[in-house]
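Protein chains: 2
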Amino acid sequence: MAIDQFNRSLPMVLHRALDAVMPRFRKIFNDFGLTEQQGRVLRVLWEHEQITLRELSDLTLIAAPSLVGIVDRLQRAGLVARRKSDRDRRKVFVQTTRTGAALEADIMPAIASAYARLKQSVDAGTWEQVLDGLEQIANPGGGRPGDSPDDSPARRDSAPVVLPDL
Amino acid sequence: MAIDQFNRSLPMVLHRALDAVMPRFRKIFNDFGLTEQQGRVLRVLWEHEQITLRELSDLTLIAAPSLVGIVDRLQRAGLVARRKSDRDRRKVFVQTTRTGAALEADIMPAIASAYARLKQSVDAGTWEQVLDGLEQIANPGGGRPGDSPDDSPARRDSAPVVLPDL
DNA sequence: TATTAATAATTAATATGATAATGATTGAGA
DNA sequence: TCTCAATCATTATCATATTAATTATTAATA
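Those protein sequence lines, which keep their order, are chains A and B. Each step along the first sequence adds one to the number in the numbering used here, with nothing skipped, and position 11 is 967. Each step along the second sequence adds one to the number in the numbering used here, with nothing skipped, and position 100 is 1056.
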C-alpha cells in the first residue's frame, strides 16, 4: 500500500505534528489580536534589544520577504519600530516599543503553560528523542550545538554540510 | 537563556526540520511546473481513483478552502477534473486526467530517490524514533496504527475511518 | 580608485494558509 | 412530513510563503 507510505512519510508526519500542536499556541496569540507569525517575531524581539531584519529572519525561520510585511503590520499596530543602522546603512534594526515589550508579561505565561501541558502529554524520553532526532535531520553531519565551532542553526541556501549533494 | 529555549521548542524544531527537508522535494515538483501543494494533491490522487474534496483535504492535510484553489489551478492545467456525486449532490469527486495520471511515472522516481537518500542520511533507529514519537505527539492517547481497533492517522472531527463512499 | 561582486532590505507576482460566512443539500428527529 | 441541525463545497478576506527582481549600500579586488 503506497498510500500509507505517503501518509507516514516524514514530511506528512511533520505536518501532522504541527497541525496537532500549533492551534493551541495560535489561539493564545489570536486572543491578543496577533497572528502566529507576529507572535513568533515578538517572542524573538523580547529576547533581543537590537536585531537586524536579517537576524530576525534567521531566528524566526521566516523568510525576509514575508518578514517585511509582518514587521510592517506590527509597526502599524505600534508594537515594534524600525531603526536604520549607522555603521551599515543597508541594515535595519527592529525593536519592540514600550507597548510591544509590555505584552510579554501578558502573553508568555499562557504560552509557557500551554507548552508545559503539551510536554506533559508525552513521555519524557520520547520528547527528547524527537527533539534530538529532528535536530539531527535538520542538521545532518553537524553535531549538537556547541560541539563544533562553526554551526549556525538555520543556514540559508548553501546545501547540507556533508551530504555530497544528494 | 530563554532564547535557546525558544529555538529548541518543538514548533521551531519542527519548522527547521521541514525547512531542511522540503526544498529538495519542492524542487522536483517545480521542475515539472508544479508547486509543493499541487504535488501533494497529485500524489494522493495517483492512489485514489475517486475521492471527494473533503477526503482529499484529510489526506493532504490541506484545508478545504486552500484546496479549492489548488484544484482549480490543477484543473486549468488539465491535470485533474471535477465530477459531482450523484448520490450526494453536495460532494464533488476529484480525479486525475490522463495527462495528470501520466505524470506519476515521470515524477515519482525522482521523489522516491530523494526520499531514500534523505532516509539514509539519518540513523535507522533515530528515523523510526522520530516518526513514532511524532505520531504519538500528533495523536496523544491513540496507540500505534493497528494496536487498537478504531484509529486513523489524520481524522478531522469525525471523518470516516475507511472512506465508505469511495 | 574604478569596477565588480556581495549583502540587506524591499518590491512584485503568484500561490497558499487561516477563519468566517454562504448556498446548496442532506439527515435526524419531532 | 416539516423543521432544524449538520455537511460539503465554495467564496471572501486578510496574512503569509515562495521566487525573482530591484535598490541601496558595502566589500573585494585588480
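For each residue, glycine too, the CB sits at the ideal point set by N, CA and C.
Local Cβ density within 10 Å of residue i, reported as buried at 16 or more and exposed below that
{"i": "residue 1121/A", "result": "Low local confidence applies: a pLDDT of 29 at residue 1121/A is under 50, so the model's placement there is unreliable, with the coordinate-based value given in what follows. Exposed, by the Cβ-count rule."}
{"i": "residue 1049/B", "result": "buried"}
{"i": "residue 963/B", "result": "buried"}
{"i": "residue 981/B", "result": "buried"}
{"i": "residue 996/A", "result": "buried"}
{"i": "residue 969/A", "result": "buried"}
{"i": "residue 994/A", "result": "buried"}
{"i": "residue 989/A", "result": "exposed"}
{"i": "residue 1025/B", "result": "exposed"}
{"i": "residue 1072/B", "result": "exposed"}
{"i": "residue 1091/B", "result": "buried"}
{"i": "residue 1061/A", "result": "exposed"}
Best match in the options for proximity to residue i [C-alpha to C-alpha]
{"i": "residue 1095/B", "options": "973/A, 1092/A, 982/A", "result": "973/A"}
{"i": "residue 1059/B", "options": "1086/B, 1002/B, 1085/B, 961/B", "result": "1002/B"}
{"i": "residue 998/B", "options": "1051/B, 1081/B, 1022/B, 963/B", "result": "1051/B"}
{"i": "residue 1033/A", "options": "984/A, 1020/A, 1054/A, 977/A", "result": "1054/A"}
{"i": "residue 1056/B", "options": "1031/B, 968/B, 1090/B, 1091/B", "result": "1031/B"}
{"i": "residue 1038/A", "options": "975/A, 1005/A, 991/A", "result": "1005/A"}
{"i": "residue 1081/A", "options": "971/B, 987/B, 1044/B, 1086/B", "result": "1086/B"}
{"i": "residue 929/B", "options": "960/A, 987/A, 1015/A", "result": "This structure gives no information on residue 929/B, because the portion of chain B shown stretches from 957 to 1122."}
{"i": "residue 1078/B", "options": "1088/A, 976/A, 978/A", "result": "1088/A"}
{"i": "residue 1017/A", "options": "1000/B, 1097/B, 976/B, 1075/B", "result": "976/B"}
{"i": "residue 978/A", "options": "1045/A, 1097/A, 1074/A, 1084/A", "result": "1074/A"}
Contact set for residue i: own chain, Cβ-Cβ below 8 Å, skip 5 residues either direction
{"i": "residue 1093/A", "result": "966"}
{"i": "residue 1047/B", "result": "1008, 1009, 1010, 1040, 1041, 1121"}
{"i": "residue 1083/B", "result": "1075"}
{"i": "residue 1036/A", "result": "997, 998, 1001, 1027, 1030, 1050, 1051, 1052, 1053, 1056"}
Beta-carbon contacts of residue i that lie in its chain and below 6 Å, excluding the five residues immediately before and after
{"i": "residue 1013/B", "result": "1020, 1023"}
{"i": "residue 1100/A", "result": "Confidence at residue 1100/A is low in this model, with a pLDDT of 49, below 50, so its placement is unreliable and the value that follows should be read with caution. Taken in chain order, the list of residues that qualify is empty."}
{"i": "residue 971/B", "result": "none"}
{"i": "residue 1029/B", "result": "none"}
Chain-order list of residues whose beta-carbon lies under 7 Å from that of residue i (same chain, five-residue window excluded)
{"i": "residue 984/B", "result": "1063, 1066, 1067, 1070"}
{"i": "residue 918/A", "result": "Absent from the model: residue 918/A. The displayed extent of chain A is 957 to 1122, so no value can be given."}
{"i": "residue 1044/A", "result": "none"}
Residue i: contacting residues in chain B (beta-carbon distance under 7 Å)
{"i": "residue 1030/A", "result": "Residues of chain B passing the Cβ test: none, with the nearest at roughly 17 Å."}
{"i": "residue 1035/A", "result": "Going along chain B, no residue has its Cβ under 7 Å from residue 1035/A, so there is no contact; the nearest lies around 18 Å."}
Contacts that residue i makes with chain A (C-beta to C-beta distance below 8 Å)
{"i": "residue 999/B", "result": "962"}
{"i": "residue 1013/B", "result": "The contacting residues do not exist; residue 1013/B stays about 12 Å from chain A at best."}
Within chain A, partners of residue i - CB distance below 9 Å
{"i": "residue 1022/B", "result": "In chain order: nothing, as chain A lies at least about 13 Å away."}
Contact list for residue i against chain B, beta-carbon separation under 9 Å
{"i": "residue 1009/A", "result": "Near residue 1009/A there are no residues of chain B at all, since even the closest Cβ is about 18 Å away, more than 9 Å."}
Contact test: residue i Cβ vs the ligand ATP heavy atom, cutoff 7 Å
{"i": "residue 1003/A", "result": "This structure simply doesn't include the ligand ATP, nor any ligand for that matter."}
Of the residues that make up the segment 969-991 of chain A, which ones have a beta carbon closer than 9 Å to any beta carbon in chain B?
969, 970, 971, 972, 973, 974, 975, 976, 977, 978, 981
By the 7 Å beta-carbon criterion, what residues does the segment 1079-1093 of chain A contribute toward chain B?
1082, 1085, 1086, 1087, 1089, 1090, 1091, 1092, 1093
Which of the residues in the segment 1037-1069 of chain B, read from start to end, lie with their CB under 8 Å from any CB of chain A?
If you check each beta-carbon in the segment 1037-1069 of chain B against every beta-carbon of chain A, none falls closer than 8 Å.
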